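Single-structure report; data block below.
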């Protein structure tokens, strides 16, 4: 049987808690800097993008 980890992560102090299970903890917590760079490049003001959707 392969071992696993239970993790509890938060997006910020006093923020949402994320609880999960993984067998590869280092892979689960990979750097997300590229996502932030993409957001800052495409939507630097972090504006609501719903108005841009063509629904």
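In my numbering, the protein residues as written are 1103 to 1157. By construction, the Cβ of each residue, glycine as well, lies at the ideal position given by its N, Cα and C atoms. This one's a predicted model, so the numbers in the text were calculated from it and none came from an experiment.
Check                                                                                                            : Outcome
Report the residue from 1116, 1117, 1125, 1115 whose alpha carbon sits nearest the alpha carbon of residue 1107. : 1125
Kindly indicate which three-state DSSP category residue 1103 falls into: helix, strand or coil?                  : Here residue 1103 scores only 48 on pLDDT, less than 50, and its place in the model should not be relied on; the value that follows carries that caveat. The answer is coil: DSSP assigns residue 1103 none of H, G, I, E or B.
Out of curiosity, what's the CA-to-CA distance linking residue 1123 and residue 1115?                            : 22 Å
Distance, Cα to Cα, residue 1121 vs residue 1129?                                                                : 15 Å
So, using beta-carbon positions, are residue 1145 and residue 1151 closer together than 8 Å?                     : yes
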